[in-house]
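If you're matching positions, the sequence shown starts at 67 in the working numbering and goes up one per residue. Using N, Cα and C, we set each Cβ at its ideal position, and we do this for glycine too.
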Amino acid sequence: MLVSRTVQVERLERVLRVTVDRPEALNAVNSETLAELMGAMSAAAADSSVRAVIITGAGDQAFIGGASIKEMSWKSTQAARRFAREGHRLARLIEEMEKPVVAAINGVALGGGLELALACDVRLASDRARMGAPDIGLGICPGWGGTIRLARIAGEGIARELIFSGRLVSAEEALRVGLVNRVMPHESLAAEALDLARTMAGQAPIAIAYAKRCLNGARSLDMDAVSELEAGLFALCFSTDDQREGMSAFVDKRSPNFRGR
C-alpha cells in the first residue's frame, strides 16, 4: 500500500483501490487531497497492469464529504476558479480513463464527493450512504460537474430539485432515481466492490477501453457519428490477440486469459 498524506493507494492484483483518508473531516477534499487524487488516478490511467480502479473513503462515515469548506471559505474568485478547474480535470480523468472505475460509497457523498462519484463508471452504495448537492446552502453552485452529470444520470427534474433544495437522499432513493447501481449492507460494500472490480479486471482491457470510449461518445455525438465510432472500434478489436483468445476460449469452453494485446 502506498500512503500519501491524505490518499491511500492499495494494489490488489489487477485492481487499484484509492481511498481518501481524512476521516476527521468526513474525507473532505482540500487542495492537497485534490492533487494527490489527481496523481493517483493519473498513475492508474497510465499503468497497463492496472485493469480496474475503486474509489472509496476511509472510515464508516463518509465516501467524500465534499470539498473542504474550511479551505474554500477564504478563496478569492480567481482561486475558486482554479480549484473548480482542477476538480473538473479530476472528474474528466476518472470519466475518460480507458479502464473501469467503481465508486464504493460507504457514507455521505456530498457536493464535490457526489460529483466525483458521478464521474465513475459504476456506483455501489452502502445502505448507510446519503448523497446530495448542498452547495446552494453555502452560497455557491456545484463546481466540479454536478450540474452536468447529475442531470445526465438522474434526469433534469431530479437534478434541479436536489441542487435547488440541497436535500440529501438516502441510498434507497438514490437507487430509485438512478444515482447508484446497487445498494448493499454496509458490511459487505468493500468486498462486493472488490469482487465487481476484479470481474471487470478479468475482461479484455482493450475491448473495455473501446466500449467506454463509445459510451462516452454517445453523450455528445449524433447517432451517425457514434455509430461510425462504434463500428470502427468494433473492427479494431479484430486486430487484437484478446479477440482471438476470447473467441478461441469460447469455442474451447475454457476461461479466456486476456493480456491487453
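Practice item. Measure the alpha-carbon distance for residue 201 versus residue 232 and round it to whole angstroms. Key: Within the sequence shown, the letter at position 135 stands for residue 201. Within the sequence shown, the letter at position 166 stands for residue 232. Distance between the alpha carbons of residue 201 and residue 232 is about 7 angstroms.
Review point. So, is residue 210 buried or exposed, given that buried needs 16 or more other C-beta atoms within 10 angstroms?
Key: Here residue 210 refers to the residue found at position 144 of the sequence shown. Its Cβ being crowded by 16 or more others within 10 Å, residue 210 is buried.
Check your understanding: Under 9 angstroms between the Cβ atoms of residue 176 and residue 92?
Key -> Against the sequence shown, residue 176 aligns to sequence position 110. Against the sequence shown, residue 92 aligns to sequence position 26. Going by C-beta atoms, residue 176 is nearer than 9 angstroms to residue 92.
Review point. Would residue 94 pass as a contact of residue 135 if the rule is Cβ separation under 9 angstroms?
Key: Translated into positions along the sequence shown, residue 94 becomes position 28. Translated into positions along the sequence shown, residue 135 becomes position 69. Contact flag set, yes.
Check your understanding: Taking C-beta to C-beta, are residue 308 and residue 283 nearer than 9 angstroms?
Key -> Taking the first residue of the sequence shown as position 1, residue 308 is located at position 242. Taking the first residue of the sequence shown as position 1, residue 283 is located at position 217. No, they are not a contact pair.
Check your understanding: Does the Cβ-Cβ distance between residue 195 and residue 173 come in under 9 angstroms?
Key -> The residue you call residue 195 lines up with position 129 of the sequence shown. The residue you call residue 173 lines up with position 107 of the sequence shown. Cβ distance < 9 angstroms, so residue 195 and residue 173 count as in contact.
Practice item. Run the CB neighbour count on residue 142, radius 10 Å, all protein chains shown included, and call it buried at 16 or more, exposed below. Key: In the sequence shown, counting from the first residue as 1, residue 142 sits at position 76. The residue in question, residue 142, is exposed, as its Cβ has fewer than 16 Cβ neighbours within 10 Å.
Practice item. Name, in chain order, the residues that DSSP records as bridge partners for residue 250. Key: Here the question's residue 250 lines up with position 184 in the sequence shown. For residue 250, the pairing in a beta bridge is given by DSSP as 192.
Practice item. For my contact list, residue 160 and residue 189 are in at a C-beta cut-off of 8 angstroms; report their separation, rounded to the angstrom. Key: As a first step, residue 160 is located in the sequence shown; it is residue number 94 there, counting from the start. As a first step, residue 189 is located in the sequence shown; it is residue number 123 there, counting from the start. The pair is not a contact, with the Cβ atoms about 12 angstroms apart (cut-off 8 angstroms).
Exercise for review: Pull up the CB-CB distance for residue 89 and residue 132, whole angstroms please, since I reckon it's below 8 angstroms.
Suggested key: Here residue 89 corresponds to residue number 23 of the sequence shown, with the count starting at 1. Here residue 132 corresponds to residue number 66 of the sequence shown, with the count starting at 1. Residue 89 to residue 132, Cβ: 14 angstroms. No contact.
**Study point:** Helix, strand or coil at residue 267 [DSSP, three-state]
**Key:** Position 201 of the sequence shown, counted from the start, is the residue given in the question as residue 267. The answer is helix: DSSP assigns residue 267 an H, G or I state.
Check your understanding: Where do the ends of the beta strand (DSSP E) carrying residue 123 lie?
Key -> Taking the first residue of the sequence shown as position 1, residue 123 is located at position 57. Note, residue 123: beta strand (DSSP E), 118-123.
Exercise for review: Helix, strand or coil for residue 179, going by three-state DSSP, please let me know.
Suggested key: Taking the first residue of the sequence shown as 1, we reach residue 179 at position 113. In this structure, residue 179 counts as helix in the three-state DSSP scheme.
Point to revise | Boundaries of the beta strand (DSSP E) in which residue 292 is found, first to last residue | key: Along the sequence shown, read from residue 1 onward, the residue named residue 292 stands at position 226. First-last for residue 292: 289-303, but that is the alpha helix (DSSP H), not the beta strand (DSSP E).
Review point. Hey, out of 239, 257, 96, 117, whose CA is closest to residue 178's CA?
Key: One-based indexing of the sequence shown puts residue 178 at position 112. Restricting attention to 239, 257, 96, 117, the CA atom closest to the CA of residue 178 is found in 96.
**Study point:** Secondary structure of residue 236, DSSP reduced to three states
**Key:** Taking the sequence shown and counting its residues from 1, the one referred to as residue 236 is at position 170. Residue 236 falls in the strand class under three-state DSSP.
Point to revise | residue 246 vs residue 237 beta-carbon contact at 9 angstroms | key: Start at 1 with the first residue of the sequence shown, and residue 246 comes out as number 180. Start at 1 with the first residue of the sequence shown, and residue 237 comes out as number 171. The answer is yes: Cβ separation under 9 angstroms.
Review point. Which of the three DSSP states, helix, strand or coil, is assigned to residue 212?
Key: The count along the sequence shown starts at 1 and reaches residue 212 at position 146. In the structure shown, residue 212 sits in a helix (DSSP, three-state: H, G or I).
Check your understanding: Given residue 212, which residues of its chain have a CB within under 6 angstroms of its CB, disregarding the five upstream and five downstream residues?
Key -> For the purposes of this step, residue 212 is identified with residue 146 of the sequence shown, where counting begins at 1. Within its own chain, the residues whose Cβ lies closer than 6 angstroms to the Cβ of residue 212, once the five positions on either side in sequence are excluded, are 181, 199, listed in chain order.
Review point. In chain order, what residues of the same chain have a beta carbon less than 6 angstroms from the beta carbon of residue 152, not counting five sequence neighbours either side?
Key: What you label residue 152 is simply residue 86 of the sequence shown in a count that begins at 1. For residue 152, where only same-chain residues beyond five positions count, the Cβ hits under 6 angstroms are 100.
Practice item. Pull up the distance between the alpha-carbon of residue 78 and that of residue 305, whole angstroms please. Key: Start at 1 with the first residue of the sequence shown, and residue 78 comes out as number 12. Start at 1 with the first residue of the sequence shown, and residue 305 comes out as number 239. Rounded to whole angstroms, residue 78 to residue 305 spans 30 angstroms at the Cα level.
Review point. When you compare only the Cα positions, how much space is there between residue 207 and residue 219?
Key: Here residue 207 is taken as the residue at index 141 of the sequence shown, counted from 1. Here residue 219 is taken as the residue at index 153 of the sequence shown, counted from 1. Per the coordinates, the alpha-carbon of residue 207 lies some 18 angstroms from the alpha-carbon of residue 219.
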